[in-house]
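Q: Residue numbers (this note's numbering): 11 to 455.
Note that beta-carbon positions come from the ideal geometry of N, C-alpha and C, so glycine has one too.
1) Relative to the C-alpha of residue 361, which candidate in 394, 321, 370 and 386 has its C-alpha closest?
2) Taking 8 Å as the CB-CB limit, is residue 136 close to chain C?
3) Run through DSSP, which three-state label would residue 64 get?
4) If you compare alpha carbons, which of 153, 258, 173 and 139 is closest to residue 456?
5) Leaving out the 5 sequence neighbours to the left and right, which residues in its chain are closer than 7 Å to residue 260 when beta-carbon positions are compared?
6) Could you work out which residue in 78, 255, 263 and 333 is closest to residue 373 when comparing CA atoms only?
7) Is it the case that the stretch 60 to 78 contacts the stretch 375 to 382, given that we only count it when at least three CB pairs across the two stretches are under 8 Å?
8) Judging by CA-CA distance, which residue of 329, 313, 182 and 273 is the nearest neighbour of residue 415?
9) Out of curiosity, what's the CA-to-CA distance linking residue 90 and residue 342?
10) Tell me where the alpha helix (DSSP H) around residue 346 begins and ends.
11) Does DSSP classify residue 98 as helix, strand or coil?
12) Figure out for me which residue from 109, 136 and 356 has the closest Cα to the Cα of residue 384.
13) According to DSSP, is residue 135 part of a helix, a strand, or is it coil?
14) Below 8 Å on the Cβ atoms is my guess for residue 458 versus residue 169; work out the distance and round it to an integer in Å.
15) On the premise that residue 325 lies in contact with residue 310, defined as a C-beta separation below 8 Å, what is that separation, rounded to the nearest angstrom?
16) Can you tell me whether residue 245 is buried or exposed, with buried defined as 16 or more other CB within 10 angstroms of its CB?
17) Let me confirm a value: residue 176 is counted as buried when at least 16 other C-beta atoms fall within 10 Å, else exposed. Which label applies?
18) Please report how far the alpha carbon of residue 111 lies from the alpha carbon of residue 126, in whole angstroms.
19) Output yes or no for whether 8 Å exceeds the beta carbon distance between residue 425 and residue 253.
20) Can you tell me which of the three DSSP states residue 245 falls into?
21) First and last residue of the alpha helix (DSSP H) that includes residue 317?
22) Given a cut-off of 8 Å, decide if residue 157 and residue 43 are closer than it, judged by their beta-carbon atoms.
23) Please determine, among 20, 86, 123 and 45, the residue with the shortest C-alpha to C-alpha distance to residue 59.
24) Taking the straight line between their C-alpha atoms, what separation do you get for residue 350 and residue 394?
25) CA-CA distance, residue 146 and residue 306?
26) Pull up the distance between the alpha-carbon of residue 436 and that of residue 32, whole angstroms please.
27) Would you call the CB atoms of residue 194 and residue 101 closer than 8 Å?
28) Would you mind giving the Cβ-Cβ distance between residue 22 and residue 191, rounded to the nearest angstrom? I have them listed as a contact below 8 Å.
29) At a threshold of 7 Å, does residue 213 count as lining the ligand FMN (C-beta to nearest heavy atom)?
30) According to DSSP, is residue 290 helix, strand or coil?
31) Going by C-alpha to C-alpha distance, which of 358, 407 and 319 sits closest to residue 3?
32) If residue 314 and residue 215 are in contact, beta carbons under 8 Å, what's the gap, nearest whole angstrom?
33) When you compare each of 280, 288 and 308 to residue 297 by their alpha carbons, which one comes out closest?
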C-alpha cells in the first residue's frame, strides 16, 4: 500500500518528473555494473592470451558464449519477474551475476573461461528485458523512449569509466601474487552483489507499491497505462503467439543487426585502438571512452524526439544509416578518422535501441508482454554472439579486424531498409492519409 501524502494532487507532468527522479538513477546504476561485468574482458584480452594462452578466436567465442545462455534464459526470466515482482528478481540477478563475474578471477584456461561466460549469461539474463517490462508499469508511450534512453546511459557510463578503471585495477599486477586482470574481475564483480541490497530496499515493484506516491496518484498512473495498452494491443495482445507476427519479427531482425554492431565495438574497439601505435593500457582505456561519450550524448538528447509513431520510425531509420556510415568510415580510415567514425556510429547506438522496444510494447499485454520483450531481446542478443564470434574468426583469418567492420556496415544498411516497414500497434487502427484522401474524394463526387 502507498503511504505517501501530498498537500495537493500532482499533475501528470509532475508525476512523470518524480518517477524519473526516483527510478532512473537506480536502474542506470544497475546497468553500469552490468556492463562493467560483462565487457571488462575486452581490456583483459591481451593479458588472457599472454598468461593463459587464450587466442583471439577463443576470446571471440568466449565473449559471444555469454549471449548464447543469456538469450536462452531471457523469456523464462521475464516471466518469473512478471510473477514475483521486479524488486526481488532484479536484486537476485545482480547478486548472482556479481558473484560469477568475480569468479572470473580464477579462470585457468579456455575451458574455465567458456564455462564462466556461459554461467554469467544465465545469471544476468532478464535484466534488460526486465527493465523494459518494468518501464511499461510506469511510463506511457510518449515518455518510454526517453526513459529507455536514460537507462541505456548505463552502457555509456560503463564504457566511459570502464577503460580507465580497468586499466588502473590491472596495474595491481603482482599484488599478493595475482595478475592485474584477476584483481579487475574481482573488484568489479563484488559491487554488483552489494548493490543488489540497495535495489531490494528502494525499487518499488509497481506504482501502487511506491511510498512516494499517494494511492490516488498510483491509481491514476496505472489506469492511464492500462488504457494505452488496450488501445495499442487490442484483443490479441495477451497471446504469446503475437510474438511471431510479421511486425515483431521485423523488430527482432533490426535489433539483431543493431546488437551485432554494439558488441563488436564493445569487445574489439580496445584491441583496434591498441594497434594505432605505442599506447599504454591507460591510453587505450581513455581513447576507448570517446565513442561512449558520444553515445551518452545521443541517449540523453535524441530519444525524447520519438513522441509519435512517424517520428519514431524516421529517427530509427536515420539512426541505423548514421551507424552504418560511422562504421564504414572506421573501417577504411587511419587512426584519427577511424576513431571519429566509431564516435559517429556510437552517437546513435542507444537512440536506435530505445526506439526498437516501442514496437513490441505497443502490441502486447500482460504475460505476453513480459514473455514477448524477453523473446525480442533473446533473439536480438544472438547478435551479441554472432558479432564477436565472426569478428574473431575474421581477425584470425585475415589479420585485420577492419574487414569485419565493412560487413557490419552492410548489415546496418539492410536493417535500415527493414525498419522502414515497422509500425506500432496504434498505427494499425489509424487510416493512412492516402486512404482518407481517397475516401473524401469519393464522397465529394
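A: In this structure, then:
1) 321
2) The structure shown contains no chain C, having only a single protein chain.
3) coil
4) The shown model of the chain, from 11 to 455, leaves out residue 456, and the question about it has no answer.
5) 428, 431 and 432
6) 255
7) no
8) 273
9) 46 Å
10) 345 to 357
11) helix
12) 136
13) coil
14) Since the first residue shown for the chain is 11 and the last is 455, residue 458 is missing from the structure and cannot be characterised.
15) Not confirmed; about 14 Å, so no contact.
16) With a pLDDT of only 45 at residue 245, under the threshold of 50, the placement of this residue in the model should not be trusted, and no figure is reported.
17) buried
18) 8 Å
19) no
20) The pLDDT assigned to residue 245 is 45, lower than 50, so where the model puts this residue is not dependable; a value taken from the coordinates is nonetheless given after this. Residue state, collapsed to three classes: helix.
21) Note, residue 317: premise wrong, no alpha helix (DSSP H); not H, not E.
22) no
23) 123
24) 23 Å
25) 23 Å
26) 29 Å
27) no
28) Not confirmed; about 49 Å, so no contact.
29) Within the structure as shown, the ligand FMN is missing, as the structure has no ligands at all.
30) coil
31) The chain is shown from 11 up to 455; residue 3 falls before or after that span and cannot be answered.
32) No, residue 314 and residue 215 are not in contact; Cβ-Cβ is about 26 Å, not under 8 Å.
33) 280
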